[in-house]
Every structure is written in structure tokens, then in C-alpha cells.
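The sequence shown: position 214 = 214 (full-length UniProt numbering), numbered continuously.
All residues carry an ideal CB built from backbone N, CA and C; glycine is no exception.
On a predicted model such as this, the values are computed, not experimentally measured, just so you know.
Here's the structure, in C-alpha cells; my notes come after.
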Amino acid sequence: MYRDQNKAQLSKDKDNNIAGVSSATVALQGLLEEDKSLSMADARLIDTAWRGAEAWHFLMLAHQQLYAKEYVAALKTCLVVSEYDEFVDTYEIHCMLALVAVHARQFGIASKAFMKINSLPNVTDEEKEKYNQLAMEIFLKYPPQDTRDAKIECTTCEAVIPDCSIVCPNASCNTRFPICIASGRPLLDYQFWLCPSCKHRAYEQEIQSYKFCPLCHCEI
1 MYRDQNKAQL
11 SKDKDNNIAG
21 VSSATVALQG
31 LLEEDKSLSM
41 ADARLIDTAW
51 RGAEAWHFLM
61 LAHQQLYAKE
71 YVAALKTCLV
81 VSEYDEFVDT
91 YEIHCMLALV
101 AVHARQFGIA
111 SKAFMKINSL
121 PNVTDEEKEK
131 YNQLAMEIFL
141 KYPPQDTRDA
151 KIECTTCEAV
161 IPDCSIVCPN
171 ASCNTRFPIC
181 IASGRPLLDY
191 QFWLCPSCKH
201 RAYEQEIQSY
211 KFCPLCHCEI
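Right, dumping it as C-alpha cells:
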């Protein structure tokens, strides 16, 4: 719409020879107006359209990190995947989360994953019994407590929170952090890489080894 208006304005300016109005000025003005015209509803629609792609991207990334024995990284990415249960099966998510959490020695998170599996209606009593036995073996040896105590500072309220937090646990804050598309980690830096195509973000140091956006494969 604005581009059509710009063309008409440029033609009119050329015909009337209006002083002081350049084609560059008109084009810039149009782009600014076009940006302002993007409503919150439009922005949410764009975000929703990407959610399915994000879900499978982060699931595959978590698998890659697990196979590479990057257990803490895989744990953070699995926690991100757990936010996409409308696309990825809840049972699959929490089975993987339990596995990764045990490898990362985050037994508190593992315990919650086992409890979630136990609560799912599509898990049979026989399967639940097997998971209960496995959980018993693990937690008799290791208390259901997280062993890592790495912390980060919330970018909004400055509270000190666990470094795998996707949302600030401070009840008066509840800031949801953007996720690095390259690593699956919460993005806390004020300077970051932004894909010119899909508008997803990444830590600058994480994206340096990529030639294409990890999500939309736009050339960097």
C-alpha cells in the first residue's frame, strides 16, 4: 500500500518539480510508515506462523546437543521445546527432558519430568510402573535436587535467577526472554545478531560459524 503511494508521490513530484522533496526522502518516509502500520495483531500473527518451525528446529537442536554430549546445552534447549507442546508430543518432550536432565545432573528438573510423564493420560499403567521403578532407582541414589547453581541476572528486574530460565520466576516481573536460535539459550545480551529475513535472534558469538540462518536458512 505505502509502496504504491510512494510511486504515485514520486510521479507527482517529478511532474510538478516540487523543490526539496527527493525520491530517497519519499522512499524512507514510506518505509517508516509501513513499519508503524504493523499492528500488535499482525506481529502476533507473524510470531504464530513461525512457532511450528521453531518447535521442530529446537527439538532437532536438542537432539544434536545430546548426541554431542553437550548435556547442559541440551537441557536448556529441551526446556525451550517444552513450551511448544501444541506441536511436539508432550510425552516425547518430557521423556527427552528427563534423560537430558539426568545426564546434566539436574535431578530436580528430572524429577519434575518424571512426574509429568506419570500424569499423562495416554501413558499406560504398565508404562507408568516402569517409569516409577526407573525414577526410584535414580532418586534413591541421587536426591531430586539440581546440582548446578549457575545464575544469571534478569534483564528487566535484575533478580538473580537460574541460568536456564525461559521466563523470569520473579512473580512481579515474569519477563519472557527471547531464545538464541543458534544455541537454544535464553538471550540476555543487549547486542545480538538479528536475521534480516525471519527476524529471529542469536548471540553474536554463536552465529559466527554459520553461513545461513539456523531457522529460515537465509544467507548471512
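Per DSSP, the bridge partner or partners of residue i
| i | result |
| --- | --- |
| F212 | E219 |
| Q106 | D146 |
| W176 | According to the sequence shown, residue 176 is Arg rather than Trp. Answer by DSSP bridge pairing, in chain order: V167. |
| P162 | K151 |
| W193 | A202 |
Beta-carbon gap between residue i and residue j smaller than 8 Å
| i | j | result |
| --- | --- | --- |
| G184 | F107 | no |
| I93 | S111 | no |
| Q65 | A74 | yes |
| C180 | Y203 | yes |
| V102 | I138 | yes |
| Y131 | N118 | yes |
Residue i versus residue j: straight-line alpha-carbon distance, rounded
| i | j | result |
| --- | --- | --- |
| A135 | M96 | 14 Å |
| V100 | V72 | 8 Å |
| I220 | C213 | 6 Å |
| E34 | S209 | Annotation note: pLDDT 48 at E34 (below 50); position unreliable, coordinate value reported separately. E34 and S209: Cα-Cα distance of roughly 33 Å. |
| T147 | A104 | 9 Å |
| I166 | I152 | 11 Å |
| E206 | F192 | 10 Å |
| Q145 | P162 | 13 Å |
| Y84 | R51 | 8 Å |
| Y142 | L79 | 21 Å |
| Y190 | D89 | 33 Å |
| residue 253 | I109 | Residue 253 is absent from the structure shown; the chain starts at 1 and stops at 220. |
| A182 | D125 | 39 Å |
| A49 | A171 | 29 Å |
| E129 | K199 | 45 Å |
| L120 | Q133 | 17 Å |
| A150 | L140 | 25 Å |
Residue i, DSSP secondary structure in three states
| i | result |
| --- | --- |
| V123 | coil |
| A202 | strand |
| K151 | strand |
| E34 | Here E34 scores only 48 on pLDDT, less than 50, and its place in the model is too uncertain to base an answer on. |
| I138 | helix |
| L188 | coil |
| residue 226 | Because the chain is modelled from 1 through 220, residue 226 falls outside the range shown and cannot be assessed. |
| I207 | helix |
| C95 | helix |
| S183 | coil |
| F58 | helix |
| V88 | coil |
Integer-rounded CB distance, given that residue j should sit under 8 Å from residue i
| i | j | result |
| --- | --- | --- |
| C164 | C195 | With 8 Å as the limit, C164 and C195 do not qualify as a contact, their Cβ atoms being about 24 Å apart. |
| residue 225 | A98 | The chain is shown from 1 up to 220; residue 225 falls before or after that span and cannot be answered. |
| T77 | A53 | 15 Å between Cβ atoms; not a contact. |
| L188 | T155 | 6 Å |
| P178 | R201 | 5 Å |
| S197 | C173 | In fact, because the Cβ distance is near 31 Å, the residues do not count as touching under 8 Å. |
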